[in-house]
Amino acid sequence: MAERTDLLRPPEAAFVSGIAVKAVDRAIDEHVLPEGFSVLDDGRRLTPGACVMIAFYYAAADTFTPGLRKHILTRFEERLRHVEFSQYSALSRQNWTLDEEYWSVDLAPFLARTACGYERLREAEAEVSRDAAVMRGAEVLRGTRVPVHDVAASVGAGEPIGRIRDAYPSLTDRQIELAVIYATAHPLRGRPRGTVLSAGIRPVERKRVPRKTAG
């Protein structure tokens, strides 16, 4: 398969597809995906079309047998082979329905879901930067010195957003959300980290002082 620039590693594909990373790996190991939808050189990577396939495959597990689900994917194989989420507007106007005598399948919702996930992932990636001169090269939220995985770890540990904002006053709620997305799709090696906020941090009480008027 010719090299593509939009291939996704398993954690990225899992976020885009809305499934677990283990499910992505299982789809590769069990040959759920047709040939050409995944690459094993330089680590496992998947095409955007593969994300649509595995999103459908696991969502339909309670409705169709594995054999029938693979058959359905084969029927859509050529259409999904060269899918690019940047072309979603045009793709959404196409008919993604497959009708058989006793059943009907519409892949459009899975295409929409994965395209949305891909857009959110790219937005999160654009919000993160890395510079050897900043925080020893750690991935930080753009324009700050705040490590993106520290923010995500605090959210994952159940820290209230208000407490995270008090620890990192420069961050917006949207940046915190994007940090979680980025860290989910680009996890650090090893066991998940707990909160990195100091136990001494307390929410800051903000009071509005009325302005005195002349007279």
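Residue numbers (this note's numbering): 2 to 216.
All residues carry an ideal CB built from backbone N, CA and C; glycine is no exception.
Own chain, CB closer than 7 Å to Q88, minus 5 neighbours either side, in chain order: Excluding sequence neighbours, Q88 sits near nothing in its chain.
Enumerated in chain order, which unbroken segments of the alpha helix (DSSP H) with a length of 4 residues or greater are wholly contained in the segment 58-124? 67-82, 89-92
Please name the residue or residues paired with L47 in a DSSP beta bridge. L9, S39
For P148: DSSP bridge partner residues: V141
Return the chain-ordered list of same chain residues with a C-beta closer than 7 Å to the C-beta of Y59, the five sequence neighbours on each side being excluded. I20, A24
Looking at the secondary structure, which residues open and close the alpha helix (DSSP H) in which V25 lies? 22-30
Going by C-alpha distance, which of P161, Y169, A139, R164 is nearest L189? Nearest of P161, Y169, A139, R164 to L189, Cα basis: A139.
Identify which residue in G144, V152, A158 has its Cα closest to the Cα of R166. V152
What number of angstroms, rounded off, separates the C-alpha of F38 from the C-alpha of L47? One C-alpha to the other measures close to 6 Å.
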